[in-house]
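Enquirer: Below: one structure in structure tokens.
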Amino acid sequence: MAYTRILLLLSLTLLLVTAGCTYTLPGLAEEAEENKEHDQAVFHPPDETPQPVSTDQPATQVSARGVTSVARMEIWAETMDFGGFHDMDGLIIKYRFFDSMNRPVSFERTSISMEVSIYSPETDRRNNPVTPRRLYRGFYTIHRSLPEDNYQLRGIWIPYSDIDLKSLDRGIGRIDVKATMPHGPVFEAEERYFWPVR
Numbered sequence: 382m383a384y385t386r387i388l389l390l391l392s393l394t395l396l397l398v399t400a401g402c403t404y405t406l407p408g409l410a411e412e413a414e415e416n417k418e419h420d421q422a423v424f425h426p427p428d429e430t431p432q433p434v435s436t437d438q439p440a441t442q443v444s445a446r447g448v449t450s451v452a453r454m455e456i457w458a459e460t461m462d463f464g465g466f467h468d469m470d471g472l473i474i475k476y477r478f479f480d481s482m483n484r485p486v487s488f489e490r491t492s493i494s495m496e497v498s499i500y501s502p503e504t505d506r507r508n509n510p511v512t513p514r515r516l517y518r519g520f521y522t523i524h525r526s527l528p529e530d531n532y533q534l535r536g537i538w539i540p541y542s543d544i545d546l547k548s549l550d551r552g553i554g555r556i557d558v559k560a561t562m563p564h565g566p567v568f569e570a571e572e573r574y575f576w577p578v579r
């Protein structure tokens with residue numbers, strides 16, 4: 382009886398371990414690599430103005446209709462703390478697009494240029510009023526809308542080490558994002574914070 386239980390436990394353990402390795406199968410690995418290319422935002426150096434990039438694959442019917450129906454954009458940011466990996470700590474800028482009837486717009490395989498600017502608050506650490514200073518500016522290209530579910534790592538990642546904070550800066554006061562659509566329109570959104578980074 383004990384031998385049967387041990388054999389059953391070993392079989393169950395082997396089954397659970399192999400279930401976690403599904404991306405090692407050839408067919409799934411190729412599909413994961415194909416999707417990975419479109420899941421990540423592309424960084425452009427600050428001195429280079431990004432141009433909309435056409436992809437090798439034609440946009441699907443849903444994606445073409447989705448992007449052209451965008452009427453507004455909203456953004457928000459989430460902090461990411463990776464524990465001991467402090468050089469990876471930072472912000473994830475989330476974005477969502479809506480049509481003229483305020484319905485979420487989904488798209489994929491479409492290139493949208495995003496310019497992200499981060500500013501300091503209107504007061505410093507001594508509570509003196511100051512003119513907000515730009516702490517960061519970066520250019521990215523996104524290829525798909527964010528899914529409705531809460532995927533914590535999806536979005537535009539900005540490490541704290543790239544944000545130019547001085548000793549008297551209170552943290553992040555405002556985040557501005559400008560999105561340039563492939564067919565021409567430009568949408569802007571902002572989020573205001575009083576966010577100590579250190």
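If you count the sequence shown from 1, you need to add 381 to reach our numbering.
Glycine included, every Cβ here is placed at the ideal spot set by N, Cα and C.
What's the gap between the Cα of phenylalanine 568 and the Cα of arginine 514?
Expert: Locating residue 568 in the sequence shown gives position 187, counting from the first residue. Locating residue 514 in the sequence shown gives position 133, counting from the first residue. Looking at the two C-alpha atoms, the distance is approximately 22 Å.
Enquirer: From asparagine 508 to leucine 546, what does the alpha carbon distance come to, in whole angstroms?
Expert: Indexing the sequence shown from 1 puts residue 508 at position 127. Indexing the sequence shown from 1 puts residue 546 at position 165. Roughly 16 Å separates the two Cα atoms.
Enquirer: If you draw a straight line from the C-alpha of tyrosine 517 to the C-alpha of proline 566, how long is it?
Expert: Position 136 of the sequence shown, counted from the first residue, corresponds to residue 517. Position 185 of the sequence shown, counted from the first residue, corresponds to residue 566. Cα to Cα, the separation comes out at about 24 Å.
Enquirer: Thinking C-alpha only, which one of Val448, Arg490 and Ile456 is nearest arginine 555?
Expert: Taking the sequence shown and counting its residues from 1, the one referred to as residue 555 is at position 174. Cα-wise, what sits closest to arginine 555 is Ile456.
Enquirer: Could you check if threonine 561 is buried or exposed, using at least 16 other CB atoms within 10 Å of its CB as the buried criterion?
Expert: Working through the sequence shown from its first residue, we reach residue 561 at position 180. Buried, because 16 or more other Cβ atoms sit within 10 Å of the Cβ of threonine 561.
Enquirer: Rounded to whole angstroms, what's the CA-CA distance from serine 548 to aspartate 505? Just pull it up for me.
Expert: Position 167 of the sequence shown holds residue 548. Position 124 of the sequence shown holds residue 505. Here the alpha carbon of serine 548 sits roughly 9 Å from the alpha carbon of aspartate 505.
Enquirer: Please return the same chain residues whose Cβ sits closer than 6 Å to the Cβ of isoleucine 473, not counting the five positions on each side in sequence.
Expert: As a working note, residue 473 is residue 92 in the sequence shown. Hits under 6 Å: Glu459, Met461, Gly536 and Trp538.
Enquirer: Distance, Cα to Cα, glutamate 571 vs glycine 464?
Expert: As a working mapping, residue 571 is identified with position 190 in the sequence shown. As a working mapping, residue 464 is identified with position 83 in the sequence shown. If you take the alpha carbons of glutamate 571 and glycine 464, they lie about 28 Å apart.
Enquirer: Quick one: is arginine 573 buried, meaning 16 or more other Cβ sit within 10 Å of its Cβ, or exposed?
Expert: Translated into the one-based positions of the sequence shown, residue 573 becomes position 192. Label assigned to arginine 573: exposed.
Enquirer: With a Cβ-Cβ cutoff of 8 Å, do glycine 552 and proline 502 count as a contact?
Expert: What you label residue 552 is simply residue 171 of the sequence shown in a count that begins at 1. What you label residue 502 is simply residue 121 of the sequence shown in a count that begins at 1. A contact, by the Cβ cut-off of 8 Å.
Enquirer: Does the distance from the CB of histidine 524 to the CB of glutamate 496 come in under 8 Å?
Expert: To locate residue 524, count along the sequence shown from 1; it is residue 143. To locate residue 496, count along the sequence shown from 1; it is residue 115. No, these two residues do not count as a Cβ contact at 8 Å.
Enquirer: Just the C-alpha distance for proline 540 and methionine 469, rounded to the nearest angstrom, thanks.
Expert: Here residue 540 is taken as the residue at index 159 of the sequence shown, counted from 1. Here residue 469 is taken as the residue at index 88 of the sequence shown, counted from 1. Spanning the two alpha carbons is a distance of roughly 6 Å.
Enquirer: Beta strand (DSSP E) containing methionine 459: first to last residue?
Expert: On the sequence shown, residue 459 is found 78 positions in, with the first residue counted as 1. According to the sequence as given, residue 459 is glutamate; it is not methionine. Its beta strand (DSSP E) spans residues 453 to 461.
Enquirer: Taking the straight line between their C-alpha atoms, what separation do you get for threonine 522 and asparagine 483?
Expert: For the purposes of this step, residue 522 is taken as residue 141 along the sequence shown, with counting starting at 1. For the purposes of this step, residue 483 is taken as residue 102 along the sequence shown, with counting starting at 1. Taking the straight line from one Cα to the other gives about 24 Å.
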